[in-house]
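Working notes for the structure below.
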Amino acid sequence: MRLNWAKENGDRFQIGYSGIWRQVTGLAATASPTVRGDAGDSVKSAITYLFQRERRDNPMLPQNGYMVKATSELAGWGLLGGDVGFSKSEVEVAGALPLSIPGFKGASGVSIGAGLRAGLLYPLPLSYGLGGALPSRLNDRFTLGGPTDVRGFSLGGLGPRDSSDALGGDVFAAASVNMLIPLPRVGPDSPFRIQLFANGGRLAAMKNDSRNDDTVSGQRMTAESVFRNMMSATKDVATGLPSIAAGVGLVYAHPVARFEVNFSLPLVMRKGEESRKGLQVGVGINFL
């Protein structure tokens, strides 16, 4: 259930509610212990809020302007019910500037663009704080890596892993910069562009290192424990080099979706992460 409305200046708002029964079943024989431990049923009851301000001239092939988007989700707290409790927030900003070419009359079609995304998932206790908070589940966490966000890495290839399984994370940050250049002899009005890009990101999961004196029962954590472990995960994201890749590709901006074919070269990668050196195809409406 969602309620959408927009202001005269184009700003868009959305409030929604969702009640979802999720299942993690049919595990492969090679499934990691972490995935097996999170298997089974869960029920999420959540309210969501979205704000988006779009000031780009063409969201699929931006040459000028900016975009701001913020989403928030509150699950399981108080009267919402369900068996998972958390607050989840994500913010995204993007912008583009046209470049003038000496000797070229009118719009050159060459532009510089940049984007930034960041998010945080904070575990909350159920029933107004009674019983402590549980660590986040795999199907609620953020994933990072793939042809529509951090190119040069496999889908979900960044962040914590257990064997061959991507586990997702509770805190992430990712950024990109790119240059779009019209194809030779085609002109700036064409929906095709050559793309030069560099992007990177970090994804971390909150570690449940609760001590005996601040746990409620089993895996459940007190507010102090959640805050301490979340600060540790945030510090992991903020320190050290992110995983980075760069490359070149071809972009086609269709009115319905954007298509990219890129050749990527990973430059910085952490142990266990999955890179994607070579060709990578991306299709979507929202790229980093």
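Take the sequence shown: its letters are residues 69 to 356, numbered as in the working numbering.
Glycine included, each C-beta is placed from N, C-alpha and C at the ideal position.
Remember, it's a predicted structure, so these values are computed and weren't measured experimentally.
Helix, strand or coil: how does DSSP classify G213 here? DSSP places G213 outside both helix and strand once states are collapsed to three, so it counts as coil.
As a quick exercise: from L206, A321, S300 and T307, pick the residue whose alpha carbon is nearest that of T93. Considering only alpha carbons, the answer is L206.
Taking G269 as the reference, which of Y320, A325 and P334 has the closest Cα? Closest option to G269, Cα to Cα, is P334.
Measure the CB-CB distance between A313 and G220 and report whether it falls below 8 Å. A contact, by the Cβ cut-off of 8 Å.
Starting from P334, follow the beta strand (DSSP E) in both directions and report where the run begins and ends. It spans R326 to V336 - the beta strand (DSSP E) in which P334 sits, taken as one unbroken run.
Give me the residue from V161, E76 and L248 with the minimum Cα distance to V178. Checking every option, the nearest Cα to that of V178 belongs to L248.
Top-ranked residue by Cα proximity to T371, from L148, M69, D233 and K173: Because the chain here runs from 69 to 356, residue 371 falls outside it and cannot be looked at.
Only counting the same chain, and skipping five residues up and downstream in sequence, which positions put a Cβ closer than 7 Å to that of R261? Excluding sequence neighbours, R261 sits near L129, L248, I249, P250 and V319.
What number of angstroms, rounded off, separates the C-alpha of A301 from the C-alpha of G236? Taking the Cα positions, A301 is about 13 Å away from G236.
Taking the alpha-carbon of L165 as reference, which of S110, L202 and N126 has the nearest alpha-carbon? Closest option to L165, Cα to Cα, is N126.
In terms of alpha-carbon separation, which member of L192, D217 and G150 lies closest to T90? According to the sequence shown, residue 90 is Arg rather than Thr. When each option's Cα is compared against that of R90, the closest is G150.
Taking Cβ to Cβ, would you say A138 is nearer than 8 Å to F154? In this structure, F154 does not lie closer than 8 Å to A138 by Cβ.
Per DSSP, cross-strand counterpart(s) of S155: Under DSSP, the beta-bridge partners assigned to S155 are L142 and Y190.
Closest Cα partner of P252 within the set P170, Y117, A107 and S176: The shortest C-alpha to C-alpha distance from P252 to any of P170, Y117, A107 and S176 is the one to S176.
Residues bridged to N72 [DSSP beta-bridge criterion]: Paired residues: Q82.
Rounded to whole angstroms, what is the Cα-Cα separation between S278 and R296? Its pLDDT being 47, under 50, S278 is placed unreliably in this model, and the coordinates cannot settle the point.
Verify whether the separation of the beta carbon atoms of R209 and L226 is less than 8 Å. For R209 and L226, no; Cβs fall outside 8 Å.
Just verifying my parser: in three-state terms, what is the DSSP assignment at V351? Per DSSP, reduced to three states, the secondary structure at V351 is strand.
Can you look up F240 in the DSSP assignment and give me helix, strand or coil? F240 falls in the strand class under three-state DSSP.
L95, buried or exposed, once every other Cβ within 10 Å from all chains shown has been counted against 16: Exposed, since its Cβ has fewer than 16 Cβ neighbours within 10 Å.
Which residue or residues does DSSP assign as beta-bridge partners of R185? According to DSSP, which records beta bridges pairwise, R185 is partnered with E160 and A242.
Segment limits, alpha helix (DSSP H) that includes E292: From DSSP, the alpha helix (DSSP H) with E292 extends over A291 to A306.
Inspect the beta-carbon positions of G183 and A243 and report whether they are closer than 8 Å. Yes, these two residues count as a Cβ contact at 8 Å.
Could you pull out every unbroken alpha helix (DSSP H) segment of at least 4 residues lying fully inside the region 91 to 141, listed in chain order? 101 to 105, all fully within the region 91 to 141.
Going by C-alpha distance, which of E141, A162 and P170 is nearest K156? Considering only alpha carbons, the answer is E141.
Could you tell me the alpha carbon to alpha carbon distance between F81 and R121, rounded to whole angstroms? Each residue's Cα considered, the two are about 9 Å apart.
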